[in-house]
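So the protein sequences, as listed, match chains A, B and C.
Residue numbers for the first sequence follow the numbering used here, beginning at 73 and rising by one.
Residue numbers for the second sequence follow the numbering used here, beginning at 150 and rising by one.
Residue numbers for the third sequence follow the numbering used here, beginning at 61 and rising by one.
Built from N, CA and C at the ideal position, the CB exists for glycine as well.
Small disclaimer: the values here were computed from a predicted structure and weren't measured.
Contents: one structure, followed by commentary.
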Amino acid sequence: MTQLDTQSTGLARRDFLKVSATTAAGLSLGFYWPNRGDAAETPKLNAWIEIQADETVIIRYARAEMGQGSRTSAPMLVADELEADWKKVRIEYATAHENLRTKRAYGDMAAVGSRTIRNSQEYLRKAGATAREMLIAAAANQWGVPVSECTAALGKVHHAASKRSLSYGKLAAAAAQLEAPKEVKLKDPKDWKIIGKPLPRVDIPDIVTGKIRYGIDAQVPGMMYAAVAACPVFNGKVKAMDASKVENRRGIVKVLNLGEFVAVVANNWWRAKEALREVAIDWETGDHGQLNSAAIMASFKAGMGQAELAVARDDGNTVQALASADKVLEAEYYTPYLAHATMEPMVCTAWLQGDKLDVWTSTQNPEGTLAVSAATAGVAQDKVTVHPMQLGGGLGRKSPQDFTRQGVMIAKAMAGTPVKMVWSREEDIQHDLYRPASLVRFKGGLDKDGKLNALHIRVSAPSILATLLRLPLPKGVDGQAVASFNDHPYDIPNSLVDYAQRNSNVPVGFWRTVGHSQNPFMRECFVDELALAAGKDPLAFRMAALGQKSPRDMAILQAVAKAADWGGPLPKGVFRGIAETEGYGSYTACVCEVSVSDKGEVKIHRVVIGIDPGHAVNPDNIDAQLQGSVVHGLSAIFWGEMTVKDGRIEQSNFHDYRLMRLNEMPVVKTVIAPTGGFWGGVGEPTQAPLAPALCNAIFAASGKRVRSLPLKNHGMSLKA
Amino acid sequence: MAQARFDMPAQVRAGEVFKLRLLIQHPMETGYLLDLNNQRIPRNVITDLRCTYLGQEVFRIEPSSGLSANPYMEFFLRATQSGDIRIDWVDDRGERGQLTRTLSVV
Amino acid sequence: MPQTSHQARRRAWLRHSLGCWAALGFASQVKAQGMVSGKLLSLSQMLDPIVAGAKLVRADVHIETVILADNGLSVPFRVWVDSPMTAQNHVTHLWLLSQRNPVTVMAKAHLGPHSGRAELSTRLRLAGGQQLVALARLSSGEFRYELADLIVTEAGCVDSS
Chain A
73 MTQLDTQSTG
83 LARRDFLKVS
93 ATTAAGLSLG
103 FYWPNRGDAA
113 ETPKLNAWIE
123 IQADETVIIR
133 YARAEMGQGS
143 RTSAPMLVAD
153 ELEADWKKVR
163 IEYATAHENL
173 RTKRAYGDMA
183 AVGSRTIRNS
193 QEYLRKAGAT
203 AREMLIAAAA
213 NQWGVPVSEC
223 TAALGKVHHA
233 ASKRSLSYGK
243 LAAAAAQLEA
253 PKEVKLKDPK
263 DWKIIGKPLP
273 RVDIPDIVTG
283 KIRYGIDAQV
293 PGMMYAAVAA
303 CPVFNGKVKA
313 MDASKVENRR
323 GIVKVLNLGE
333 FVAVVANNWW
343 RAKEALREVA
353 IDWETGDHGQ
363 LNSAAIMASF
373 KAGMGQAELA
383 VARDDGNTVQ
393 ALASADKVLE
403 AEYYTPYLAH
413 ATMEPMVCTA
423 WLQGDKLDVW
433 TSTQNPEGTL
443 AVSAATAGVA
453 QDKVTVHPMQ
463 LGGGLGRKSP
473 QDFTRQGVMI
483 AKAMAGTPVK
493 MVWSREEDIQ
503 HDLYRPASLV
513 RFKGGLDKDG
523 KLNALHIRVS
533 APSILATLLR
543 LPLPKGVDGQ
553 AVASFNDHPY
563 DIPNSLVDYA
573 QRNSNVPVGF
583 WRTVGHSQNP
593 FMRECFVDEL
603 ALAAGKDPLA
613 FRMAALGQKS
623 PRDMAILQAV
633 AKAADWGGPL
643 PKGVFRGIAE
653 TEGYGSYTAC
663 VCEVSVSDKG
673 EVKIHRVVIG
683 IDPGHAVNPD
693 NIDAQLQGSV
703 VHGLSAIFWG
713 EMTVKDGRIE
723 QSNFHDYRLM
733 RLNEMPVVKT
743 VIAPTGGFWG
753 GVGEPTQAPL
763 APALCNAIFA
773 ASGKRVRSLP
783 LKNHGMSLKA
Chain B
150 MAQARFDMPA
160 QVRAGEVFKL
170 RLLIQHPMET
180 GYLLDLNNQR
190 IPRNVITDLR
200 CTYLGQEVFR
210 IEPSSGLSAN
220 PYMEFFLRAT
230 QSGDIRIDWV
240 DDRGERGQLT
250 RTLSVV
Chain C
61 MPQTSHQARR
71 RAWLRHSLGC
81 WAALGFASQV
91 KAQGMVSGKL
101 LSLSQMLDPI
111 VAGAKLVRAD
121 VHIETVILAD
131 NGLSVPFRVW
141 VDSPMTAQNH
151 VTHLWLLSQR
161 NPVTVMAKAH
171 LGPHSGRAEL
181 STRLRLAGGQ
191 QLVALARLSS
201 GEFRYELADL
211 IVTEAGCVDS
221 S
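Have a look at this one:
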C-alpha cells in the first residue's frame, strides 16, 4: 500500500489567523476559514496576497489558464477590493502541492464548469478587502488617527485631514503584524473600479511574442521523449508486441509495453513517433471491434422505445395534455459524438527521482493530477510537485487524468530520467473522451390560441457521469444528458422529461458546454417548429411561452433581439433566426442573419450573440468568449462528427475533422447585458444559443428544417 | 473461484499480535451501472467475510458497494498456537471463496 | 445470504423518488446536478441508527487516509482504536460510514480480544468528496468515533447551477 498522508484527526479544527512577514519586509497574509460541514463546496483561502517593498502586489491565481482569461479576471476581484494599482499587480500561480500542504487554503483548483469566477468571487473579494483593512489600520496606527478618517485607493492609504499618504509597499510589514478583521464589508458593484473594466489579459504579450510556456513546452535537462499508442479499438489491451525492428535504432532508448498502451522512448519525439509506427502490436479487442455508427444509432433508437425510463421532470400531466391538445407536433433530433481537438494535444512530462515526483503538464485539474500521479508512481502525495503550465486549450478534455497517468507510468518505467510524453494529433483525435451523441424526441402540444401547453422530451444518450466517473445517478438521471430540457424556462403547465441511458464502447467526457452544447440546438429549433405551427413569430412565441416566470431569460432574449433589430428590414435573400437558453448560471441568446444558395451554401452575414452573466467582471474577456464560441461552435455545427467503424473512430486529423478557416469568419456583434444580483459563468454558456439561432435562420432562408448536425450531412457548406 | 492472495508472517511467537493482508479479485459491482447492452449490471459484492483460527471465528467483515473493486483488507490477530487460519467469503450471487494457511507459532 | 432479485431492484431504483432529492426541495424535477450523487447526511443521521442512544465520545479512534483523490473509486483508508483488546475491554465492532454514498455503511467489522489490535485497512469507493466516519463499539456498550474529510476533485465541466 502506498504511503498515506495523515489527516489531522487529532487536532481540533479551529479558525485562526496565520500571518507571516517575508524576509524582505513584504506582506504575506494568510487566512484560515472555519472548516465547513458540507464537503461539496470549498471556498477557503490562504496567502492570496503579497506586497513587496517596491509596491509590486503579487496576487495568486489558483486555477488553470487555458485561454478563458480567468487568470486575469479572478485577480481583478482581489485587486478591486484591495484598492491596488492594477499596473503594479503581478499574478502568480498557487500550486496543488501548496494547496495540499496548507490543507486546501486555496480551495478548489479545477478550471471546469465555468465556475472559476462564480465559485471563488466571494473569498477572493474578501481576501482583498481584509488586506485593505489591515493596510488602512497600519497607516492609521502610524499616524495616530482613527481608521474611519483614512481611505485607500490605487495602492496608497490617505488621511485627507492631514494630507498624508503612505504607499502599500511601506505599510505591508506593519500590516502583516495586525490581526485580520473577522468580518469585512464588500463593495457595492457601483463602486467597483477594476471589476467591470475591459482590461487586457495579462498573458497576451507573452502569447503573441512566443514567450509563453504551454505544457508542451516543458524542458528538463536530460529529458527523453515518448510517443504512445493505445488500442485504436476502445478498451483494448496489448496482447503481444514486437519492437525488434526499432529497438536498436539510433536514438531509441526503450520500447515499453504498458498493458493498455505502448510507449516508445527516444532522444527526440520525431524518432519516437516514427519508430512507434514500426512496432508490431497485437491488440486484444474482445467484441469491441464490431462496433459501428449504425449499431450505436440502433441502440439509441431502442432506448427511445424502452419500457423503463428515468424521469427527470414531471409537471402536471403531460401525456394527458398532449392527448387533448389542439395541435401536437412531434420531431426527432440528433447530435453526434465530437472530439475536443484542443490545439495542444495531450502532453505530460514527468520525472521520478526516488520517492519524489515532478510533473509538468497542461491540466485543468492540478489537484487531480497530483492525486493520480502519486497513486500511479506509488509515492506519497506530499512528495509530488505539479508545476503549473499554461494550457494550449482545455475545452474539458484536460480535466480527466488519463493522459497524465500514462506520462507517470512511463516516468516510473524510466525511473530517474525525465520523460516528455506527447500525443500525436491522430492519437489525440482517436483517444478522446467524446461529447456524447444524443437522440432526442420532442412532442409539443399547442392550445387553440397557439400557446405552448405541454412538452414531452425523451433523451436516449450515454451518461458521462455513470461511465467516465462511475457515479450512481440519482433517480437514474444524468443531469448533463437532460440539461436545458429538465430546466427549460418556459412557463407551461405540463412538462415531462425522461431519459434512457444508452452507453456504447465509445468513451464519453465533458466537451465544452457539455449537455448545453447540443440540447439547446434541439430544444430551440423545436420551439421554432412550434412557433411555425402556431402561426406566430419566433420571438413573440417565445416571449408568450416564457411568461412572467423567467425574467432573466426574457431580458437577454429581448436585448439580443433589439441589438439585432429583429423585425427590421433586411436585404433581399437574408433571413434571421433566434434562440435563447441558459446554462452555467448565465442567460444567453443569439440571432443569426443568413442567406442560403440553391447549392446549400450558407452565407452568415452576421451573428448577434449575447450573455447576461449577472456581473461582467472583464467585458473584453467576455467579448472574446462570445467571439471564440462562434468559431468553436460553427466548426462543430458545419463539420463536427465522429463516425465509428470496426470499433474505432474513423477521423484522425484536421483533414477529416475540419475546423473553420479565417476567411469563413462572419461578422459578430456581441451583447453583454449583465442584470446584476448573481454570478454566472462565461466560459461555456456563450456557445449554447448559436446552433439553434443559425438553424432557425437557415429554415427561414431555405425552408429546410435541420434536425441533426453536422450541416455537411445536409449538403450545406459555409460560404466564406 | 476468484483469485485471492493472503499474506501473513511465516512464523510468530505465542501471544504476538500479527497482521494479515488479503487481496481478493472481485468486481464488487455496485448495481448502479449499465453494461454495453444497456442492461443494469446487478449488484454483486462480497457481503460477508470471516476468518477462522483454530475453529473459532476471530474476524468478520460485512462489506457493501462502498469497498472498491478487488477488495484489499488488513487486519490483526493474536497468535496462540500453531494451526490453520481460514478465510471464507460469500458474495451476492452466493459464490463462495476460501483460503487457508497454516500459522506456525513458536 | 439472501439473493436480491435483479428485476425488483431495477424497478425500485428507477422509481426511487424523493428520498434524496426531496430533501433538497427538488421534489419533481432533477436539475442538472453536480458531479456527486445524493445528498449529504448529517453526523447524527449517520450515527444515530447504530448508536441508538448509547454513550458516544469522539476519542480513541484514529483515521489515516489521503486528503485528495482524483476520483472516488479506490481510496485507501486505515482506522485504529486505542484499546487493550482484553476480554474485559475490547472493541467489538467497527463501522466505516459514508456521508454521501448510496449505501451509508460501507463496511461493518466484528472484532474481539483475539484480534489483538483494533485496526483495519481497506480501500473505499466514494461517490464524491465527503466526510467519512469510523465508529467503534466497545465491549462496555459505549461508542467511540472519528471523522475525516475527503476531497474528490471534480473532473469535468458539470453544470451544477
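- Assignment of beta-bridge partners to S253(B) by DSSP yields Q160(B).
- Taking C-beta separations shorter than 7 Å and ignoring five residues to either side along the sequence, the partners of A773(A) in its chain run F647, V666, S667, V668, following chain order.
- In the structure shown, F582(A) adopts coil according to DSSP, grouped into three states.
- Within the segment 158 to 178 of chain C, contact with chain B at the beta-carbon level (separation under 9 Å) is assigned to S158, N161, P162, V163, T164, V165, M166, A167, K168, A169, H170, L171, G172, P173, H174, S175, G176, R177, A178.
- In this structure, the beta-carbon distance from Q462(A) to D609(A) does not fall below 8 Å.
- At least one CB of chain B lies nearer than 8 Å to the CB of R574(A).
- In chain order, I210, M222, E223, F224 make up the part of chain B whose C-beta sits under 8 Å from the C-beta of L180(C).
- Residues of the segment 461 to 481 of chain A that bring their beta carbon within less than 7 Å of a beta carbon in chain C comprise G468, S471, P472, Q473, in sequence order.
- Around the beta carbon of R322(A), fewer than 16 other beta carbons lie within 10 angstroms, which makes this residue exposed.
- Annotation for N191(A): the continuous alpha helix (DSSP H) segment containing it runs 188 to 215.
- In the three-state DSSP reduction, I127(C) falls in the coil class, being neither helix nor strand.
- The beta carbon of D263(A) sits closer than 6 Å to none of the beta carbons in its chain outside the five residues before and after it.
- Nearest Cα to L182(B) within the set P176(B), Q174(B), P191(B), H175(B): P191(B).
- The DSSP-derived three-state label of Q190(C) is strand.
- With a threshold of 16 other beta carbon atoms within 10 Å, A393(A) meets it and is buried.
- Following the DSSP letters along the chain, one finds T390(A) inside the alpha helix (DSSP H) bounded by residues 390 to 395.
- Only exposed fits E164(A), as fewer than 16 other CB atoms lie within 10 angstroms of its CB.
- Three or more beta-carbon pairs drawn from the segment 377 to 391 of chain A and the segment 564 to 571 of chain A are found closer than 8 Å, and the two stretches are therefore classed as touching.
- Per the coordinates, the alpha-carbon of I284(A) lies some 15 Å from the alpha-carbon of R162(A).
- If you ignore the 5 residues before and after H459(A), its C-beta comes within less than 6 Å of the C-beta of W432, all in its own chain and listed in chain order.
- In the DSSP assignment, I210(B) falls within the unbroken beta strand (DSSP E) covering 205 to 212.
- Collapsing the DSSP output to three states places D684(A) in a strand.
- If you check each beta-carbon in the segment 441 to 452 of chain A against every beta-carbon of chain C, the ones closer than 7 Å belong to L442, A443, V444.
- Between V599(A) and I681(A), the C-beta gap is not smaller than 8 Å, which leaves the two residues out of contact.
- Using a Cβ-Cβ cut-off of 8 Å, G361(A) does not count as an interface residue toward chain B, since no Cβ of chain B sits closer than that to its own.
- The C-beta of R176(A) comes closer than 8 Å to at least one C-beta of chain C.
- Contact annotation: in the segment 120 to 131 of chain C, residues whose CB is within less than 9 Å of a CB in chain A are V121, H122, I123, E124, T125, V126, I127, L128, A129, D130, N131.
- Counting other Cβ atoms within 10 Å of its Cβ, N340(A) stays below 16 and is therefore classed as exposed.
- Straight-line measurement puts the Cα of F306(A) at about 28 Å from the Cα of V325(A).
- Contact with chain A is absent for A196(C), since none of that chain's Cβ atoms lies less than 8 Å from the residue's Cβ.
- Of the candidates T747(A), R497(A), Q697(A), G712(A), Q697(A) places its Cα closest to the Cα of G141(A).
- Residues of the segment 190 to 207 of chain B with a Cβ closer than 9 Å to any Cβ of chain C, in chain order: P191, R192, T196, D197, R199, Y202, Q205, E206, V207.
- Between N577(A) and N187(B), the gap from beta carbon to beta carbon reaches 8 Å or more.
- Taking 3 residues as the minimum length, the beta strand (DSSP E) runs contained wholly in the segment 278 to 359 of chain A are 296 to 302, 309 to 314, 324 to 329, 333 to 338, 352 to 356, in order along the chain.
- As DSSP reads the structure, K168(B) sits in a beta bridge with F225(B).
- Where S707(A) is concerned, the enclosing alpha helix (DSSP H) starts and stops at 691 to 711.
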